[in-house]
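Asker: In terms of the UniProt record's numbering, the sequence shown is residues 1 to 80.
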Amino acid sequence: MTNEELISKIEIALDEIRPFLQSDGGDISLLSVEDGKIVKVQLEGACVGCSVNQMTLKSGVELTIKKHAPQIEQVINVEA
Numbered sequence: 001m002t003n004e005e006l007i008s009k010i011e012i013a014l015d016e017i018r019p020f021l022q023s024d025g026g027d028i029s030l031l032s033v034e035d036g037k038i039v040k041v042q043l044e045g046a047c048v049g050c051s052v053n054q055m056t057l058k059s060g061v062e063l064t065i066k067k068h069a070p071q072i073e074q075v076i077n078v079e080a
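Here you go:
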């Protein structure tokens, strides 16, 4: 799988999650994919500083990304 295909799969996963984040006034952006297995994202809006955002990142975002791109090992939120 090319890097472009991997990024496309990750964007599909983020599009699946985005409505849930937006309903709470937040959003998420893909920053980078490193070594084909580490995804860096940035939570935005109400998700910044939210006490549940680390749980959201692990339970929702990481699981959804891994469903679309099983080779991903880790999802990291980069603070703005």
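Don't be surprised by glycine CBs; every beta carbon is placed ideally from N, CA and C.
Since we're looking at a predicted model, the values are computed, not measured.
Could you spell out the range, first to last residue, of the beta strand (DSSP E) harbouring D27?
Answerer: Element bounds for D27: G26 to E34.
Asker: My assumption, with CB atoms under 8 Å, is that K37 sits in contact with E73. Please give the rounded CB distance.
Answerer: Yes, they are in contact, since the Cβ atoms of K37 and E73 sit about 4 Å apart, within 8 Å.
Asker: Roughly how far, in whole angstroms, is the beta-carbon of residue 81 from the beta-carbon of G25, given that I think they are within contact range, below 8 Å?
Answerer: Within the shown structure, residues of the chain are numbered from 1 to 80, placing residue 81 beyond reach of any answer.
Asker: Under 8 Å, Cβ to Cβ, is there at least one residue of chain C near N3?
Answerer: The chain inventory of the structure shown lacks chain C, comprising one protein chain alone.
Asker: Starting from the Cα of V61, find the closest Cα among G45, D35, E34 and V75 and give me that residue.
Answerer: The candidate whose alpha carbon is nearest that of V61 is V75.
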